[in-house]
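*Asks:* Below you will find the structure I want to go over with you.
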Amino acid sequence: MPKFSSKSVESIGGISVDTDNEDDDNVLKKSMYRTSLEALTDVDWQESRVLIFYTGGTIGMTKNTRGKLAPNPGELEARIRKYPHMHDEEYAKERFGGLASPPLVLPDCREKRRVVYWVYEYSPLLDSSNMTMEHWSRIGNDIKTTYEDFDGFVILHGTDTLAYTASALSFMLENLGKPVVITGSQIPLFETRSDGRDNFIGSLIMAGCYSNIPEVTVFFNSKLFRGNRTAKVSTGRLNAFDSPNFSPLATAGISISVDYRSIFRPTALVKFDVFSNLSHDVALLRIFPSISSDTVKSFLANVKGAVIQTYGSGNIPSNRMDILEAMSNAANRGVIIINITQCMHGGVEAIYETGEAMVNAGVLSGFDMTPEAALAKLSYVIGKDIDLETKKKMMLTSLRGEMTVTVSDEDGGIESDLAVDDIIESIGKALEMNSAVGQLHLQEILVPTLFLNAVQNSDITRMNQLIDHVEDLNQTDAMGTTYLHVAVSEGQLEVVMWLLQHGALVHVKDLKGHTPLWVAVACELEKIIKLLVVTGAHLTELPTRVGEALVSAGAAGNTKKISSFLTAGVNIDQQDNLGRTSLHAACVVGATEMVEFLLGRGASSSREDKIFMTPTMCAQANHYTDIVNMCKEHFTSQEHSPTV
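First residue of the sequence shown? That's 1 in full-length UniProt numbering, and the numbers climb one at a time after it.
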């Protein structure tokens, strides 16, 4: 990962780390563990964890000694701690009172969880005009490094290139399952009159409390936009950003209203990853009257991809065959050319002769993509190690909801819709709820109940009939349980797979803080555990909590439970809050078969607990000679095993 100064110092949770001598990923991890993440040991607190990446921008600026606004490294977090509407000092003292550098805590905002957050400050802080693809890669890789530690992420960013960063990250973060919210402000956070505070607080709430919006988004002026649909539309107004061709995903008023039907969710059964091999060989050209063919030829000469902004619905002058010829020649030699409109609203349609001529010249439609999204997508696709035709198909496909593509209904869809509509209409008549509003309200009540019943009964046919009526596949009940939690608890592998392929999220927690993966481990469902892990699930419970479960399983001789944890990615030597491992527990109770099982899977017989007892010593203290010998033989074999 690149460094951006000769002596880069970064801080998180109030701790600065010199990155000159270590790999940036390791520094980030180590600095994380030097903060209070490991101190979150009380499972009774209903909290979500958010990491803020402070890259720079107006939002974090303060006045310098000359009274001018400027970025001041190391000052943002200290200032936030003094503002009661951004940090709940009393809660923090009660919760993290013994820590030298406690995290920040957002005051109660009438959500189900309190938002606990950390600030990771980049060095140097950037004016967003200086943002590059290398910086996008750094942000993406920093998210990847800390992905399993947090429930959501906020990026503080300057407004000038914010839409470019949002678009780029939306493509780079592949199979994203957690919220990434980007924000900035027109007025600094700490000014008396500021849009920064609302943007800052709103972003934290969306990242921490709305885990069922797993997109790269932009929160600005009380609206949450899809990142790759966003454009900066004003230099001076507080509503500086808009989404011209796509309505907001959420709007924050007295309450927060979310359009769940519009949420873009991952449906591939693969883990989250970051693709950072973006191509620099892309460019953007705006057609204008009397543009010369030499300009177009020169522009297309040394690029692998180009975005052309044309008139209206995708038109160029009909009498300029020289321009069409230049584009056709470039397309024939493998340059991918994308046609988007110069207009803020609407998209490209080949309804005029000149638009059709562009298609015939090998130019691809960019539909209603913004220039920022089109350029970022082109850079992302060209960077892929795939053939040219596949790249073109990707450009014509909506990868992250970045463009509107008309898709015909599948066979049988109308019949299924009619069947569900008939049920709702019949019940509505019986209850005298015949108005449109009444029918809609009835649908909001009935559809989740019908769908839950289908999930519980493994009725995939009925699930297919209902899915188009389900507003949010990740909605929760009073206990925070999702359909995926239910399917997992019932042990229904096919239903779990169906839900994942339709956008169910593996990271949503119930009110006890458990994801579906924990439920699968608790129920010892090996196949479902493997499926969830392949899809990117990871245990979010505190390590000591996992250690307690392992110790209990070790004492009980439950090898199936241990295997379930190992399949879920748990370290076999994970310790509980007393430093004990499952092998300690097995040695204490004399569970010979369990000891043999654990040693065979690499458990350490020499790991000490908090009173400096090893598993071998536990067996000795309880006079289990056979187990002592097993542990000693294992230790000896480990000592003499070759190291790679």
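Cβ atoms here follow ideal geometry from the backbone N, Cα and C, with glycine treated the same way. Since we're looking at a predicted model, the values are computed, not measured.
Can you give me the C-alpha to C-alpha distance between isoleucine 187 and asparagine 319, rounded to a whole angstrom?
*Replies:* What you label residue 187 is simply residue 187 of the sequence shown in a count that begins at 1. What you label residue 319 is simply residue 319 of the sequence shown in a count that begins at 1. One C-alpha to the other measures close to 48 Å.
*Asks:* Compute the beta-carbon to beta-carbon distance between proline 543 and glutamine 574, rounded to the nearest angstrom, for a pair I have assumed lies under 8 Å.
*Replies:* Here the question's residue 543 lines up with position 543 in the sequence shown. Here the question's residue 574 lines up with position 574 in the sequence shown. Indeed, because the Cβ distance is near 6 Å, the residues count as touching under 8 Å.
*Asks:* Just confirm the distance between the C-beta atoms of valine 488 and proline 516, as a whole number of angstroms; I'd bet it's less than 8 Å.
*Replies:* For the purposes of this step, residue 488 is identified with residue 488 of the sequence shown, where counting begins at 1. For the purposes of this step, residue 516 is identified with residue 516 of the sequence shown, where counting begins at 1. Contact holds; Cβ gap of about 5 Å.
*Asks:* Secondary structure at lysine 339, three-state DSSP: helix, strand or coil?
*Replies:* Position 339 of the sequence shown holds residue 339. Reading off the sequence, residue 339 comes out as asparagine, not lysine. In this structure, asparagine 339 counts as strand in the three-state DSSP scheme.
*Asks:* What three-state label does DSSP hand valine 180 in the structure shown?
*Replies:* Indexing the sequence shown from 1 puts residue 180 at position 180. It is a strand residue.
*Asks:* Output the distance between the C-alpha atoms of alanine 586 and glutamate 633, rounded to the nearest integer angstrom.
*Replies:* Locating residue 586 in the sequence shown gives position 586, counting from the first residue. Locating residue 633 in the sequence shown gives position 633, counting from the first residue. Distance between the alpha carbons of alanine 586 and glutamate 633 is about 17 Å.
*Asks:* Just list the alpha helix (DSSP H) runs in the segment 438-493, keeping only unbroken ones of 4 residues or longer that don't cross its boundaries, in chain order.
*Replies:* Within the segment 438-493, the complete alpha helix (DSSP H) runs of at least 4 residues are 460-466 and 483-489.
*Asks:* Determine the DSSP secondary structure at asparagine 221, reduced to helix, strand or coil.
*Replies:* If you number the sequence shown from 1, residue 221 lands on position 221. Asparagine 221: coil per DSSP, three-state reduction.
*Asks:* Does glutamate 174 come out as helix, strand or coil in the three-state DSSP assignment?
*Replies:* Your numbering for residue 174 matches position 174 in the sequence shown. Strand at glutamate 174.
*Asks:* Could you please give the first and the last residue of the uninterrupted alpha helix (DSSP H) stretch that includes valine 258?
*Replies:* Translated into positions along the sequence shown, residue 258 becomes position 258. Per DSSP, valine 258 belongs to no alpha helix (DSSP H); it is in the beta strand (DSSP E), 256-258.
*Asks:* Identify the residues that DSSP records as bridge partners of isoleucine 155: which are they?
*Replies:* As a first step, residue 155 is located in the sequence shown; it is residue number 155 there, counting from the start. According to DSSP, which records beta bridges pairwise, isoleucine 155 is partnered with Phe53 and Ile182.
*Asks:* Please classify arginine 333 as buried or exposed, where buried requires at least 16 neighbouring CB atoms within 10 angstroms.
*Replies:* Residue mapping note: residue 333 aligns to position 333 of the sequence shown, counting from 1. The residue in question, arginine 333, is exposed, as its Cβ has fewer than 16 Cβ neighbours within 10 Å.
*Asks:* Could you check where the beta strand (DSSP E) with leucine 285 kicks off and where it finishes?
*Replies:* Sequence index remark: in the sequence shown, residue 285 carries index 285 (1-based). Its beta strand (DSSP E) spans residues 282-286.
*Asks:* In angstroms, rounded to a whole number, what distance separates the CA positions of asparagine 199 and glutamine 46?
*Replies:* What you label residue 199 is simply residue 199 of the sequence shown in a count that begins at 1. What you label residue 46 is simply residue 46 of the sequence shown in a count that begins at 1. Each residue's alpha carbon lies about 24 Å from the other.
*Asks:* In whole angstroms, what is the alpha-carbon distance linking phenylalanine 246 and glutamate 494?
*Replies:* Translated into the one-based positions of the sequence shown, residue 246 becomes position 246. Translated into the one-based positions of the sequence shown, residue 494 becomes position 494. Looking at the two C-alpha atoms, the distance is approximately 34 Å.
*Asks:* Restricting to Cα atoms, I'd like to know which of Met403, Asp151, Ser328 and Glu349 is closest to tyrosine 210.
*Replies:* Residue mapping note: residue 210 aligns to position 210 of the sequence shown, counting from 1. Answer by Cα proximity: Asp151.
*Asks:* Confirm, please, whether the CB-CB distance from serine 276 to serine 137 is below 8 Å.
*Replies:* Along the sequence shown, read from residue 1 onward, the residue named residue 137 stands at position 137. Along the sequence shown, read from residue 1 onward, the residue named residue 276 stands at position 276. In contact: serine 137 and serine 276 (Cβ atoms closer than 8 Å).
*Asks:* Out of curiosity, what's the CA-to-CA distance linking tyrosine 624 and leucine 531?
*Replies:* Start at 1 with the first residue of the sequence shown, and residue 624 comes out as number 624. Start at 1 with the first residue of the sequence shown, and residue 531 comes out as number 531. Distance between the alpha carbons of tyrosine 624 and leucine 531: 39 Å.
*Asks:* Report all residues from its chain with a CB closer than 6 Å to the CB of arginine 601; omit the five preceding and five following residues, and keep chain order.
*Replies:* Locating residue 601 in the sequence shown gives position 601, counting from the first residue. Ile572.
*Asks:* With distances taken between CB atoms, is the gap from glycine 60 to leucine 189 smaller than 8 Å?
*Replies:* Taking the first residue of the sequence shown as 1, we reach residue 60 at position 60. Taking the first residue of the sequence shown as 1, we reach residue 189 at position 189. It is a contact, given that the beta carbons lie within the stated cut-off.
*Asks:* Under 8 Å by Cβ, that's how I've got valine 307 and leucine 378 pegged, so tell me the actual separation to the nearest angstrom.
*Replies:* Numbered from 1 along the sequence shown, position 307 holds the residue referred to as residue 307. Numbered from 1 along the sequence shown, position 378 holds the residue referred to as residue 378. That pair is a contact at about 6 Å.
*Asks:* Mind checking which residues open and close the beta strand (DSSP E) that includes tryptophan 136?
*Replies:* As a first step, residue 136 is located in the sequence shown; it is residue number 136 there, counting from the start. Not the beta strand (DSSP E): tryptophan 136 falls in the alpha helix (DSSP H), residues 133-146.
*Asks:* If you follow the alpha helix (DSSP H) that tyrosine 83 is in, where does it begin and where does it stop?
*Replies:* Start at 1 with the first residue of the sequence shown, and residue 83 comes out as number 83. Premise fails: tyrosine 83 is in no alpha helix (DSSP H) and is neither H nor E.
*Asks:* Output needed for valine 546: all residues of its chain with C-beta closer than 8 Å, excluding positions within five of it in sequence on either side, in chain order.
*Replies:* In the sequence shown, counting from the first residue as 1, residue 546 sits at position 546. Excluding sequence neighbours, valine 546 sits near Leu539, Phe565, Val570 and Gln574.
*Asks:* Considering only C-alpha positions, which residue in the set Trp118, Ala478 and Asp385 is nearest to methionine 86?
*Replies:* For the purposes of this step, residue 86 is taken as the residue at position 86 of the sequence shown. Checking every option, the nearest Cα to that of methionine 86 belongs to Trp118.
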